[in-house]
Amino acid sequence: MYKNERTQNLYYQVAINNQSMVRELLQQGYDVNRPEDTFERLTPLMIAAKEGYADMAYLLISYNANVNAKTRNGHTALMMASYNRYPKVVKVLLEAGADPNISSDEGHTALTEVTHAESHEIIELLKAKGAR
Numbered sequence: 007m008y009k010n011e012r013t014q015n016l017y018y019q020v021a022i023n024n025q026s027m028v029r030e031l032l033q034q035g036y037d038v039n040r041p042e043d044t045f046e047r048l049t050p051l052m053i054a055a056k057e058g059y060a061d062m063a064y065l066l067i068s069y070n071a072n073v074n075a076k077t078r079n080g081h082t083a084l085m086m087a088s089y090n091r092y093p094k095v096v097k098v099l100l101e102a103g104a105d106p107n108i109s110s111d112e113g114h115t116a117l118t119e120v121t122h123a124e125s126h127e128i129i130e131l132l133k134a135k136g137a138r
């Protein structure tokens, strides 16, 4: 991939947490909810959640990112942030309306994902928003 291709690649810019370039790309009309053309089909918000970038998640949400979008196997940004133990991202997503009770194709929820990762703070945040 050439340098210019990376500069214009929204997913790459999210992955390296380049907020100014992400903002510029979104202002140019890039679709904040379009999943990348990979096996997992991650949206930019999912990438930010998976990497633990709370400020990036907030930026993407401000451009109307779908907080409940699913990967090809039903995982959400909230599940990814929970599993990877990023309470700041979990909080941003929940405050933006992410549903803590969405199930993946395998029946996992954000709460069951974090239970596997054993993070008390995230469990409390999810339960406070009604996770079961």
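Counting from 1, position 65 in the sequence shown corresponds to residue 71 in this note's numbering; the numbering is continuous, with no gaps. For each residue, glycine too, the CB sits at the ideal point set by N, CA and C.
Asked                                                                                                                                              : Found
Less than 8 Å between the C-beta atoms of A63 and A75, yes or no?                                                                                  : no
Assign A134 to buried or exposed, taking buried as 16 or more other Cβ atoms, counted over all protein chains shown, within 10 Å of its Cβ.        : exposed
Are there 16 or more other CB atoms within 10 angstroms of the CB of I67, so buried, or fewer, so exposed?                                         : buried
Among D61, E42 and P93, whose alpha-carbon lies nearest the alpha-carbon of E130?                                                                  : P93
Can R78 and E46 be called in contact, C-beta distance under 8 Å?                                                                                   : yes
For the candidate residues Y89, Y17, E57 and V96, whose alpha-carbon lies nearest to that of V6?                                                   : With the chain running from 7 to 138 in the structure shown, residue 6 is simply not present.
Report, in whole angstroms, the separation of the C-beta atoms of A137 and N107, which I expect to be a contact under 8 Å.                         : 6 Å
How would you label T44, buried or exposed, when you count the other beta carbons within 10 angstroms and need 16 or more for buried?              : exposed
Considering only residues of the same chain and omitting the five flanking positions on each side of L31, which have a CB-CB separation below 8 Å? : Q14, L16 and Q19
Measure the alpha-carbon distance for I128 versus V120 and round it to whole angstroms.                                                            : 7 Å
Which whole-angstrom value is the C-beta distance of A71 and L100, which I expect to be below 8 Å?                                                 : Actually they are not in contact, since the Cβ atoms of A71 and L100 sit about 14 Å apart, beyond 8 Å.
Is K97 helix, strand or coil when you go by DSSP?                                                                                                  : helix
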